[in-house]
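Residue numbering for the sequence shown follows the working numbering, beginning at 7 and increasing consecutively.
Idealized CB from N, CA, C, for every residue including glycine.
A short write-up of the structure that comes next.
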Amino acid sequence: MIQNLILSPATSTDVAGITQLVNSAYRSEGEGWTNEAAFIAGERITENGVFDLLQQPGKTLFKCSNAAGALLGCVLLELQDGYVYLGLLSVQPALQAAGIGRFMLDFGVQYAQSHQCSRIVITVVNKRTELINWYERRGYVRTGKTIALPPGIGMPVGGLHFVEMEKEVPAL
Numbered sequence: 007m008i009q010n011l012i013l014s015p016a017t018s019t020d021v022a023g024i025t026q027l028v029n030s031a032y033r034s035e036g037e038g039w040t041n042e043a044a045f046i047a048g049e050r051i052t053e054n055g056v057f058d059l060l061q062q063p064g065k066t067l068f069k070c071s072n073a074a075g076a077l078l079g080c081v082l083l084e085l086q087d088g089y090v091y092l093g094l095l096s097v098q099p100a101l102q103a104a105g106i107g108r109f110m111l112d113f114g115v116q117y118a119q120s121h122q123c124s125r126i127v128i129t130v131v132n133k134r135t136e137l138i139n140w141y142e143r144r145g146y147v148r149t150g151k152t153i154a155l156p157p158g159i160g161m162p163v164g165g166l167h168f169v170e171m172e173k174e175v176p177a178l
């Protein structure tokens, strides 16, 4: 586990770095275990897409940095009616086994608790069984709901959809 991780809201000055981070985590050929390149071609997100997320009420894009300020990861937390949607969880591919993703998931629980939310909801591409299993080991359960892939996240192969998962959050 990397020490001295810092989570803070991303700003417009972080857009280029976060765009590169997300695309390398999800779409770089052969890097990292969260890679979707075999299922979805093209960029996962554009700079305009990241900038748009920063402008949307109720959504906060957090960047995860080390003490030196290097960008290591990011996570999007969106307040919904009684729950938090957690998305865009991304870690630099070379650091994907260093506990950064787990650190950001734990932060999501704290965020949900501080906003009196009772659960966290995530969506995972159905063909990413190793990622679904990783979330299950962290207490997330499948809800049985599937969601179509939205336009603009690349060029998916057939048969892809999101699997919704959730985790109950204990009250403070």
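Would you kindly work out how many angstroms separate the C-alpha atoms of I12 and Q61, rounded to a whole number? Distance between I12 and Q61, taken at the CA atoms: about 22 Å.
I'd like the span of the beta strand (DSSP E) that includes S34, first residue to last. Neither: S34 is in no beta strand (DSSP E) and is coded neither H nor E.
With 16 as the cutoff for other CB atoms within 10 Å, does A74 come out buried or exposed? exposed
From Q116 to V147, what does the alpha carbon distance come to, in whole angstroms? 19 Å
Inter-residue Cα distance where the pair is V97 and G105: 10 Å
Given a cut-off of 8 Å, decide if V169 and I138 are closer than it, judged by their beta-carbon atoms. yes
When you compare only the Cα positions, how much space is there between L59 and G107? Roughly 20 Å between the two C-alpha positions.
Exposure label - D20; buried when at least 16 CB within 10 Å: buried
Would DSSP call E49 helix, strand or coil? coil
Rounded to a whole number of angstroms, what is the C-alpha to C-alpha distance between A177 and V130? 25 Å
How far does the beta strand (DSSP E) with Y89 in it reach, from first residue to last? 89 to 97
Under 8 Å between the Cβ atoms of Y91 and R125? no
Coil, strand or helix - S120 by DSSP: helix
Rounded straight-line distance, which links the Cα of F109 to that of P99: 16 Å
Check whether the Cβ atoms of K65 and S14 lie closer than 8 Å to each other. no
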